[in-house]
Amino acid sequence: MPRKILKKIVYAAVISGIIIIPGVTDVLAASANPESNPVERIVEESSGRVEIDIPDNILDELLRDDQPKHTTKSQKNSLKPGINKVVGYRIQVFSDGSRQSSLESRARARGNAVVAKFPKYRGQVYAYSSSPNWYTRIGNFRTSQEASAALAELKGAFPQFANEMRIVKSQIVVIK
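Counting the sequence shown from 1 gives a position; my numbering is that position plus 84.
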């Protein structure tokens, strides 16, 4: 749909007393009282000619054909600026439940070895216990494809414990 037609549709919606706000699912019907109704007041003061300037980035989003027509749950849970916790994937590089006295140090050592070879994972090493086991997981991957590529890279770099590595679904940290 061309931008000009979209602007005319928005114009028609304003004239008919409906306010449509992009990104908001509710449609607000305007009341008949022009004193309390900003749409009626604007139409009255402008002699029926109302021009709405929609920023290009919003128009681009409205005009994209590949977007679903209805709001999905994932769209409602879109990322906010800052730190977000979402479901994603990590690579488990260590998991053991034997010899409790040395497990924590072994779990942390495995994470340190990965960071020494791949500094891009600094700050993305998660060593924790769930009694009686210790785990070390690496990364914050949004898709299984990203995690698979990283897993192949890590297995190539650490063949001595490649058979212990696997992708696990996990809550991850995403910074926007």
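Note that beta-carbon positions come from the ideal geometry of N, C-alpha and C, so glycine has one too.
Taking the C-alpha atoms as reference points, what is the distance between residue i and residue j?
i	j	result
K91	F202	In this prediction, K91 scores a pLDDT of 47, lower than 50, which makes its location untrustworthy; no coordinate-derived value is stated.
F242	R250	13 Å
P165	G172	18 Å
A236	V199	16 Å
V258	Y210	14 Å
F245	I256	23 Å
W218	L238	20 Å
K260	Y205	17 Å
G240	S162	35 Å
G181	P216	5 Å
V252	G207	18 Å
S232	V170	18 Å
S213	R190	12 Å
S254	A197	22 Å
A234	S186	27 Å
For the alpha helix (DSSP H) containing residue i, name the first residue and the last one.
i	result
S213	It is not in any alpha helix (DSSP H) - S213 instead sits in the beta strand (DSSP E) that spans V209 to S214.
S228	S228 to A241
Based on the DSSP output, what are the partners of residue i in its beta bridges?
i	result
N217	S214
G270	In this structure the chain extends from 85 to 260, so residue 270 is not present and cannot be described.
F245	In DSSP, F245 forms no bridge with anything.
F202	For F202, which the question treats as bridged, DSSP gives no partner whatsoever.
S179	Y219
With the cut-off set at 8 Å, would you say residue i and residue j are in Cβ contact?
i	j	result
F225	R174	yes
T220	V177	yes
G195	I222	yes
E248	S179	yes
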